[in-house]
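I have placed the structure first, in the form of structure tokens, so that the comments after it can refer back to it.
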Amino acid sequence: MSKSSEFPYLPAGFDLEPELLDQLSNRPGAQRCVIGRYELLLVVHAVPKCGSPDRDPILFWRRGDDVWVDSSGKRGLLKIGELLDHYARVIDKYEDVIDEADTAQEVFELARAAGPLARATRNLAGAIEQTLANDEDNRDLRNYRDRAREVERAAEQLAQDARLTLEFWKAEHSEEQQATAEKLNQIAFRLNLLAGFFLPLVALGGLFGMNVDLPDFVDGWFWLIFCGGLAMGGTLVWLVARKTGLKP
137 MSKSSEFPYL
147 PAGFDLEPEL
157 LDQLSNRPGA
167 QRCVIGRYEL
177 LLVVHAVPKC
187 GSPDRDPILF
197 WRRGDDVWVD
207 SSGKRGLLKI
217 GELLDHYARV
227 IDKYEDVIDE
237 ADTAQEVFEL
247 ARAAGPLARA
257 TRNLAGAIEQ
267 TLANDEDNRD
277 LRNYRDRARE
287 VERAAEQLAQ
297 DARLTLEFWK
307 AEHSEEQQAT
317 AEKLNQIAFR
327 LNLLAGFFLP
337 LVALGGLFGM
347 NVDLPDFVDG
357 WFWLIFCGGL
367 AMGGTLVWLV
377 ARKTGLKP
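In my numbering, the protein residues as written are 137 to 384.
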């Protein structure tokens, strides 16, 4: 089996030593530093795409003569700096989205992207750290390591801001619902008091308005019965309001 078919992600110019090839599979795998006898292979990922589980690998090979070569065949580790610049720009763009977001849907989409972004930057910094441990005199790697840690902190802060924004909006919405429910309860309470106020009058009206023979003196007591019913209703409303502690 040819190397290109067994390791399709390896650039054509990467003639890795057997000790490195034995540690690889047909997939690039996680971000890491693969250590051979005389060579190193740094595997990092491009900025993850939101909603996609696939990761685009970017490879750096330190040959036996201590020269680093990237996937495009160029010498040096300049592409690491370009990758960190790309991560920083994406993080800045998402931070602007948080500041200008008007809906929970926007912040939710941002939170979905911020999680993989934070994880990718953390693994990237760890891979560079691991590589630096095996190439301690490389000043470029040291600078990229420190910068990668800064990008990692920015990505984690972005993910935390997205989570806090969602939680804040959730709490704010809950408070609004609670305030609305309290207003509805107040309205329902007042309606019940109004119904209770007229309940004795309705009961007396129903009693004395039945189609039965009533004494003659009842006809002359209409206003007394009417006022008595209102007085009973008012007393009932006052007692209920006093007991519940609510204002009618």
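Glycine included, C-beta positions come from ideal geometry on N, C-alpha and C.
- Whole-angstrom distance between Asp297 and Gly187, CA atom to CA atom: 20 Å
- Coarse secondary structure for Leu156, derived from DSSP in three states: helix
- Item | Close Cβ partners of Ser138 (< 7 Å) along its chain, the five nearest in sequence each way excluded | Any reading at Ser138 is ruled out, since the residue's pLDDT is 38, under 50, leaving its predicted position unreliable.
- Message: Just to confirm before moving on: does the CB-CB distance between Val123 and Val233 stay below 8 Å?
- Response: The requested residue 123 is not part of the displayed model; the chain covers only 137 to 384.
- Message: Beta-carbon within less than 7 Å of Gly217's beta-carbon, same chain only, minus the 5 sequence neighbours each way: which residues are those?
- Response: Tyr280
- Is it true that the CB of Glu142 sits closer than 8 Å to the CB of Tyr174? no
- Sequence-distant residues of the same chain with beta carbon closer than 8 Å to Gln167, five excluded per side: Val179, Val180, His181, Ala256, Asn259, Leu260, Gly262, Ala263
- Item | Alpha-carbon to alpha-carbon, Pro193 and Asp228 | 23 Å
- Message: With distance defined between alpha-carbon atoms, name the residue in Ala250, Glu242, Ala290, Glu155 nearest to Asp221.
- Response: Ala290
- Are Ala250 and Ala307 closer than 8 Å when you measure CB to CB? no
- Ser138 - DSSP class collapsed to helix/strand/coil: Any answer about Ser138 is weak, because its pLDDT of 38 lies below 50 and its placement is not dependable; what the coordinates show is given next. It is coil, neither helix nor strand.
- Item | Buried or exposed (CB count within 10 angstroms, at least 16 for buried), Phe304 | exposed
- Query: Secondary structure at Pro184, three-state DSSP: helix, strand or coil?
  - Reply: coil
- Task: To the nearest angstrom, report how far apart Asp206 and His309 are at their CA atoms.
- Result: 50 Å
- Task: Name the one or two DSSP bridge partners that Leu177 has.
- Result: Val170, Trp197
- Query: Val287: which of Glu311, Ala224, Ala240 sits nearest, CA to CA?
  - Reply: Ala224
- Item | Backbone secondary structure at Arg285 - three-state DSSP | helix
- Neighbourhood of Pro144 by C-beta distance below 8 Å, restricted to the same chain and skipping five residues each side: Asn162
- Message: Taking the alpha carbon of Asp190 as the reference point, which residue from Pro252, Leu213, Gly212 has its own alpha carbon closest?
- Response: Pro252
- Message: Between the alpha carbons of Val203 and Gly209, how many angstroms are there, rounded?
- Response: 11 Å
- Query: How is the alpha helix (DSSP H) around Val203 delimited, first residue to last?
  - Reply: First-last for Val203: undefined, no H or E at that position.
- Task: Would you identify the three-state DSSP class for Arg191, choosing helix, strand or coil?
- Result: coil
- Query: Since Arg211 sits in a beta bridge, which residues does DSSP pair it with?
  - Reply: Val205
- Message: I need the DSSP call for Pro144, collapsed to helix, strand or coil.
- Response: coil
- Item | Secondary structure of Ser310, DSSP reduced to three states | helix
- Terminal residues of the alpha helix (DSSP H) in which Phe244 lies: 240-269
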